[in-house]
Structure formats: C-alpha cells, structure tokens
Amino acid sequence: MRAAVLSRHDLDGLTVEETAAPVPGAGEVLVRVDTVGVNQLDLNVIAGIGPGAHARLPRILGMDPAGEIVAVGSGVAASRLGQTVVVKPNIACGVCARCLAGDEADCPAQTVVGVHRDGGAAELVVVPSRNAIDRRGLGAAEATAVVHSASIVVNAVRAIALAADERVLVTGAGGTLGRAAVAIASARGARVVAASRRPLHAIGDEQIITAADAAALTSALHGVDGFDVVLDVSGHAPTLAAGIGALRWGGRAVFCSASVDSELRIDSRDFYLRRKQLIGVASARYDDVVEALDLAAARALPSLVGARYPLDDIGRAYQEFPRKGEGKVVVDVR
Ligand SMILES: [Zn+2]
C-alpha cells in the first residue's frame with residue numbers, strides 16, 4: 412500500500428512510498444482510507460517537538476482518517492465489515508481512574524493515531540474498533556474535518572456548561588475550530604459574538620467583531636457588558652487574555668488550543684477579585700465525537716472542509732498548512 416512515511420524529523424524526511432499493509436489484531440479493524448486531515452499535531456511530529464516528540468520513526472502520519480472497514484480482527488463483529496467510519500484520533504487507555512469515571516478525554520495515558528502508532532495518511536490503517544466510529548452518512552472529507560475539530564469544541568462547551576441565553580465570545584472564530592464553535596454555541600441557544608482577525612461571513616445570527624490583534628480586540632470589547640463565557644480557539648495567548656478581561660463577574664473561560672503561545676499573561680487581581688474561571692480542554696470523549704458527527708449530519712455545522720490535496724502532494728499540504736485560510740485541509744488518499 413502507499414503511505415506517507417516520516418523517517419526523520421524534517422519535512423524532507425517525509426516520503427510517499429510503498430509499504431507493507433497492516434493486519435488488524437484482536438479488537439482492531441482495518442480501514443481502507445479515503446481522506447485524512449492535516450493537523451498542527453502532524454507538524455509537531457514532523458518537527459519532533461511538543462506532543463509530537465512521542466512518535467518513534469519511521470512513522471506513518473495522519474490522525475483522523477475516514478474510510479471503510481475492510482477487515483476485522485478477533486473479537487470484532489463481522490457485521491462491521493463495509494461500515495463507513497471516521498477515526499477518533501485519541502485512544503483512551505480504558506483502565507485508569509479517569510477512563511473508569513467516563514472522563515476519557517482527560518485520560519493521562521491516552522495515545523494518538525499517527526503519533527504513538529501508524530496513522531491514516533495511507534491506503535490502509537489499523538485502529539482499535541471503538542475508535543472507528545460510524546460516519547452517520549457524512550462524506551469522508553466532511554467526517555475527517557469534523558472528527559477532531561468539532562469534537563473538541565463539543566467537549567469544551569460541555570466542560571464549561573454553556574447554557575441557553577448565555578452571552579459567549581468566540582475568539583479565533585475564523586478558523587475551522589472557530590466556525591465549529593460558533594455553530595455549536597448557537598445550536599445550544601447561546602448569544603454568540605464571534606471575533607476574528609479577518610472579516611467573517613456570519614454562519615447564523617452571531618454578532619461579528621473584526622480585530623487585527625489582541626490590542627484591537629481589547630479596545631473593541633472595551634465598555635462591553637461582560638461575557639458569561641469566553642471560548643477561545645485561537646491558540647493565541649494575548650487573544651485569550653483579552654477575552655478573559657471581558658468576562659463578567661464569575662464568568663468562565665475555556666480554551667482548546669495552545670498552538671501559538673505557551674505563556675498566558677492575565678491580570679491576576681482582576682481574575683481573582685471578579686471570581687473568574689479558566690479551564691483547558693484537549694481531545695474529546697467518544698460521545699463528544701458522536702455528537703459532533705450527529706450535528707454535522709443534521710447540517711447544524713457549516714461545511715468545514717477547506718483546501719484539498721492528493722496523497723502524493725501531502726508534503727506540500729503540510730508545508731502550506733500554516734498559511735491556509737478557512738476550513739480543514741484534507742488529503743484525498745484514494
Ligand atoms: Zn485512561
């Protein structure tokens with residue numbers, strides 16, 4: 412089978428080559444891949460930094476493939492053959508206290524497809540059967556775009572207990588996660604203000620703020636009656652800080668990306684005296700993924716698919732990814 416194999420920590424160490432097809436073991440399924448997404452985590456694997464440093468090379472990249480189950484290992488029902496699925500990237504350990512309590516998204520021992528094991532930027536991939544989730548009739552590219560991005564937002568909205576009629580500020584609203592965040596918060600009945608660096612088209616009836624940077628956002632929010640919730644998907648710490656500054660008394664902030672900055676500076680006295688809260692959310696539970704796919708299937712999410720590349724051009728997809736505009740970058744494997 413053809414696969415995108417990383418053999419050293421450098422984009423030049425990535426080649427699309429012929430490799431042996433994997434065989435599903437106990438509790439696993441073999442998926443024939445149609446599409447796979449391009450993610451920040453792939454770039455971390457390529458560079459060998461952060462969470463990507465866990466990858467042992469050579470490694471087939473690709474976290475979030477979508478395709479069809481074409482073989483099953485022992486212990487997996489044969490009825491799953493032919494099912495169209497998308498792969499949840501994070502694999503919970505299933506045995507730790509967090510997993511047993513149902514908080515699989517916060518499992519400290521979770522592993523990731525395309526990082527700790529070979530991924531789906533390949534014609535075939537083997538994953539645990541539970542991680543191959545029915546696509547709800549969604550096309551492969553749409554399911555790939557939803558499975559990681561929208562599921563994290565579903566997790567964040569649940570973690571922050573966003574209620575109908577609450578006033579929520581979504582920062583980083585122009586990206587894939589941001590578009591999902593605006594749609595999901597709106598679907599919850601929240602009153603949404605979407606902030607982005609570039610001009611946006613409204614998805615629903617959200618109010619839009621265009622601000623070139625965090626300072627411009629701070630002044631745009633100046634004098635605004637505080638927000639109940641800030642949902643930051645920008646990955647940009649000064650933007651999150653501006654949002655936290657705009658929270659009302661007792662307001663809650665949640666962020667689900669730290670792709671740009673690792674250091675957050677806030678006014679700790681304001682944070683403390685005004686009883687604000689901040690939580691970080693990474694990955695998603697299995698039921699968050701199902702909910703995100705159901706929202707997409709019900710057309711409650713906008714199309715999240717952006718630029719597309721054939722598998723042979725996956726190196727170019729990774730190279731151009733940091734500059735790509737709206738939507739999830741998708742690689743067509745077949
Ligand atoms: Zn666990």
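Going by our numbering, the sequence shown opens with residue 412, and the numbers climb by one from there.
Cβ atoms here follow ideal geometry from the backbone N, Cα and C, with glycine treated the same way.
Remember, predicted model here, so these are calculated numbers, not experimental data.
Problem set entry | Candidates 443, 477, 486, 534: closest to residue 416 by CA position | Among 443, 477, 486, 534, the Cα nearest to that of residue 416 belongs to 534.
For this session: Return the residue from the list 727, 627, 490 that minimises the CA-CA distance to residue 422.
Result: 727
Exercise. Among 507, 518, 504, 554, which one has its Cα closest to the Cα of residue 742?
Worked result: 554
Problem set entry | Nearest candidate by alpha-carbon position, reference residue 491, set 604, 643, 599, 539 | Distances from the alpha-carbon of residue 491 to those of 604, 643, 599, 539 put 539 closest.
For this session: Check each residue's C-beta against every heavy atom of ligand 1 and list, in chain order, those closer than 7 Å.
Result: 503, 504, 505, 506, 507, 509, 510, 515, 518, 519, 520, 521
Exercise. Where does residue 503 fall in DSSP's three states?
Worked result: Reduced to three states, the DSSP call for residue 503 is coil.
Exercise. Going straight from the alpha carbon of residue 667 to that of residue 704, what length do you get?
Worked result: 19 Å
For this session: Put residue 674 into one of helix, strand or coil per three-state DSSP.
Result: coil
For this session: Going by DSSP, name the residue or residues bridged to residue 617.
Result: Answer is none; residue 617 lacks a bridge partner.
Exercise. If we call anything under 7 Å between Cβ atoms a contact, is residue 646 one with residue 669?
Worked result: yes
Exercise. For residue 560, which three-state DSSP category applies?
Worked result: In the structure shown, residue 560 sits in a helix (DSSP, three-state: H, G or I).
For this session: Would you identify the three-state DSSP class for residue 461, choosing helix, strand or coil?
Result: helix
Exercise. How many Å lie between residue 473 and residue 711 at the Cα?
Worked result: 26 Å
For this session: Would you mind working out which of 442, 433, 426, 562 sits nearest residue 745, comparing C-alpha positions?
Result: Selected option, being the one with the closest Cα: 442.
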